[in-house]
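The structure under discussion appears below in the form of structure tokens.
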Amino acid sequence: STQRPRPRVLLKAPTLAEMEEMNTSEEEESP
Amino acid sequence: RQVTVQRKEKDFQGMLEYHKEDEAALIRNLVTDLKPQTLLGTVPCLPAYILYMCIRHADYTNDDLKVHSLLTSTINGIKKVLKKHNDDFEMTTFWLSNTCRLLHCLKQYSGDEGFMTQNTAKQNEHCLKNFDLTEYRQVLSDLSIQIYQQLIKIAEGLLQPMIVSAMLENESIQGLSGVKPTGYRKRSSSMADGDNAYCLEAVIRQMNSFHTVMCDQGLDPEIIQQVFKQLFYMISAVTLNNLLLRKDACSWSTGMQLRYNISQLEEWLRGRNLHQSGAVQTMEPLIQAAQLLQLKKKTQEDAEAICSLCTALSTQQIVKILNLYTPLNEFEERVTVAFIRTIQAQLQERNDPQQLLLDFKHMFPVLFPFNPSSLTMDSIHIPACLNLEFLNEV
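Those protein sequences? They're chains A and B, same order as listed. Count the first sequence with this note's numbering and you get residues 136 to 166, in order. Count the second sequence with this note's numbering and you get residues -8 to 385, in order.
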């Protein structure tokens, strides 16, 4: 019998704009 | 007796493992510091395949944080490199190609049956097991649109200074200069004789260069077609706008030269197998303007012919060209006011847009059709020049 594959877990992703915002604030924090 | 146990070399399953602390080096060597020339002669879009194989291992070990971190760093790395090389056509093509390929991989190996129809059994073994990366696919799709827009901007910036000179001013048809209208300003506007004067061959050379780079970098053919549709629209719009503003360009001889130039561009599209791209259709208003310059403009029948031919030009544009039309010599008459009124009367039913000039900055929406790869992950090996020796094949 064929085994039904386990459903995959959805990985939540920030939007491109949110990603950029996070990246900018990280750059600002680092000296 | 000595017994030799021969261990079978473990099969490479198309996954790449790395330690979390090597992620920064991975992004640096594979994304931010990578020069496209380094990978000449290797599989096109190799960085995308390597990144997918790394994602797959993190998925295999059920490490969601590693997947998040790698995808975020990759996307930020690509954005950084594009910002730094925002006038580099080759670099921008390289990352458009790789971003789209990574997006295709995330679909092809998502486990979603709709994307698996062309997969081999072996490729199906390489699907993600634990995570659904649909949201990251959306981010990569948005990023691809941004990169595409940057690519168009670079290409347009290179082509735009050539257009008026190459399409309207350069005389490649022999003997045509003798039939210029009286008072024609040779190489008028900003295009003085010298460095700024371009011929159509220069435009074609530039497009050849774009096409070669995009093909070499393995950009999807459907995207290459959309790039040229966009560029041909821009060439056509800039040319037509200039024609609509310049009395000296509205003549029979310019119409003749323009038709010849357009036919050269169409031939170029056919030669590069791009005639199905929709690029020719974007030139329709310009093609009709060139024909309008050459048609007779005297009788009722002439007016009817013009109205049935010029369907891609607005009434305002047709009337403007007729008003600007400059006779070649004393034997050719000006277009009469009565003739223009006849045309206006015939076209009054049309619901034409009011603006005279075309928006040459208009962008057609871009589409990235799914394009699965026939490559299998276990056939891809990492060249030493990438300095990724910390990646372990699993």
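A virtual CB, placed ideally from N, CA and C, is assigned to each residue, including glycine. Owing to the predicted nature of the structure, the values given are computational and were not obtained by experimental measurement.
Contact with chain B by residue i, beta-carbon distance below 9 Å
i        : result
A/Glu156 : no
CB contact check: residue i to chain A, cutoff 9 Å
i        : result
B/Val357 : no
B/Phe122 : yes
B/Tyr127 : yes
B/Lys98  : no
B/Val130 : yes
B/Ile278 : no
B/Leu62  : yes
B/Asp343 : no
B/Ile389 : Because residue 389 of chain B is not part of the residues shown, which for chain B are -8 to 385, the question remains open.
B/Lys70  : yes
B/Asn252 : no
B/Ile66  : yes
B/Val22  : no
B/Leu134 : yes
B/Leu119 : yes
B/Asn58  : Note on identity: in this sequence residue 58 of chain B is Val, with Asn being the wrong assignment. Interface residue, yes.
B/Asp54  : no
B/Gly102 : yes
B/Gln4   : no
DSSP state of residue i mapped onto helix, strand, coil
i        : result
B/Val326 : coil
B/Asn383 : strand
B/Glu116 : helix
B/Val357 : coil
B/Asp446 : The structure shown does not extend to residue 446 of chain B, since chain B is modelled only from -8 through 385, so no value can be given for it.
B/Ser181 : With a pLDDT of 44 at B/Ser181, under the threshold of 50, the modelled position of that residue is not reliable, and the figure given next carries that caveat. Residue state, collapsed to three classes: coil.
A/Leu146 : coil
B/Leu236 : helix
B/Asp24  : coil
B/Phe219 : helix
B/Phe106 : helix
B/Glu213 : helix
B/Phe201 : helix
B/Leu265 : coil
B/Leu150 : helix
B/Phe7   : Phe is not the amino acid found at residue 7 of chain B; the sequence shown has Leu there. Note: B/Leu7 maps to strand in three-state DSSP.
B/Asp369 : helix
B/Asp123 : strand
B/Lys144 : helix
B/Met274 : coil
B/Thr245 : helix
B/Leu377 : helix
B/Leu231 : helix
Check whether residue i and residue j have beta carbons under 9 Å apart
i        : j        : result
B/Pro276 : B/Ala303 : yes
B/Pro360 : B/Asp211 : yes
B/Met205 : B/Thr111 : no
B/Gln387 : B/Leu358 : Outside the modelled stretch of chain B, which goes from -8 to 385, sits residue 387 of chain B, for which no answer is possible.
B/Leu149 : B/Phe80  : yes
B/Phe351 : B/Ala228 : yes
B/Trp243 : B/Leu284 : yes
B/Leu249 : B/Gln141 : no
B/Arg263 : B/Leu159 : no
B/Ser135 : B/Leu97  : no
B/Glu384 : B/Phe3   : yes
B/Tyr100 : B/Gln114 : yes
B/Leu377 : B/Thr29  : yes
B/Leu382 : B/Ile373 : yes
B/Met107 : B/Pro27  : no
B/Ile154 : B/Met247 : no
B/Cys45  : B/Leu17  : yes
Residue i classed as buried or exposed, judged by whether at least 16 other C-beta atoms fall within 10 angstroms
i        : result
A/Met157 : exposed
B/Ser268 : buried
B/Val58  : buried
B/Met32  : The sequence shown places Gly at residue 32 of chain B, not Met. B/Gly32 is exposed by the Cβ-count criterion.
B/His353 : exposed
B/Arg176 : Here the model assigns B/Arg176 a pLDDT of 49, short of 50, so the residue's position is not dependable, and the following value carries that caveat. B/Arg176 comes out exposed.
B/Lys289 : exposed
B/Asn252 : buried
A/Arg183 : There is no way to answer for residue 183 of chain A, as the model of chain A reaches only from 136 to 166.
B/Thr65  : buried
B/Gly105 : exposed
B/His48  : buried
A/Thr159 : exposed
B/Lys220 : buried
B/Arg196 : exposed
Complete runs of the beta strand (DSSP E) confined to the region 41 to 101 of chain B [at least 3 residues]: Runs found: none.
Length at least 4, wholly inside the region 279 to 319 of chain B: the alpha helix (DSSP H) runs in chain order: Fully enclosed alpha helix (DSSP H) runs of 4 or longer: 291 to 300, 306 to 315.
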